[in-house]
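Going by this note's numbering, the letters in the sequence shown line up with residues 174 to 285, in that order. All C-beta atoms, glycine included, are put in the ideal place defined by N, C-alpha and C. This structure is a prediction, so every number in the text was calculated from the model and none was measured. Shown next, in structure tokens, is the structure this report addresses.
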Amino acid sequence: MFYVQRDAQGQLIRVEAAAYAEATETLPADHLEIQTWFANEAVEVSLKQLKQSDLEMIRVLDDLIQVLTSKGVIRVTDLPTAAQAKLMDRTQARVALGGLSRLINDDETGLI
174 MFYVQRDAQG QLIRVEAAAY AEATETLPAD HLEIQTWFAN EAVEVSLKQL KQSDLEMIRV
234 LDDLIQVLTS KGVIRVTDLP TAAQAKLMDR TQARVALGGL SRLINDDETG LI
């Protein structure tokens, strides 16, 4: 059994397994609205995890491109114009923040 709260239009706005003061009714676990609520919540959690992973991956790719260009494996001009502009913007932002060393936490470990 789940305790639920609805908005003025009758849509679920809060679902809890334990009773709470604002709960207006209870619904069984197999109720369609409860199943939909938790399915949507799982999607939201997955999207947040993916977004965080994307942010971390951008940093990895940025660092990789920096290493490859510094070693002469590729040149920035080998990349499409739009990518060059984005890399230049990121490079300028990193320089303004003190370079790579201040952006990387000392407690980060592991290999790519």
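Span separating the alpha-carbon of residue i from that of residue j
| i | j | result |
| --- | --- | --- |
| L292 | D235 | In this structure the chain extends from 174 to 285, so residue 292 is not present and cannot be described. |
| D262 | S219 | 29 angstroms |
| I207 | F175 | 8 angstroms |
| A212 | A202 | 12 angstroms |
| A269 | A258 | 17 angstroms |
| G271 | T242 | 19 angstroms |
| T209 | E229 | 30 angstroms |
| V233 | L223 | 15 angstroms |
| P253 | L260 | 11 angstroms |
N-terminal and C-terminal residue of the alpha helix (DSSP H) that residue i is part of
| i | result |
| --- | --- |
| Q222 | 205-243 |
Extent of the continuous beta strand (DSSP E) to which residue i belongs
| i | result |
| --- | --- |
| V268 | Here V268 belongs to no beta strand (DSSP E); instead the alpha helix (DSSP H) covers 254-269. |
| T250 | Neither: T250 is in no beta strand (DSSP E) and is coded neither H nor E. |
CB of residue i within 7 angstroms of CB of residue j, strictly
| i | j | result |
| --- | --- | --- |
| R179 | T199 | no |
Cut-off 8 angstroms between Cβ atoms - residues of its own chain near residue i, not counting five sequence neighbours on either side
| i | result |
| --- | --- |
| A215 | none |
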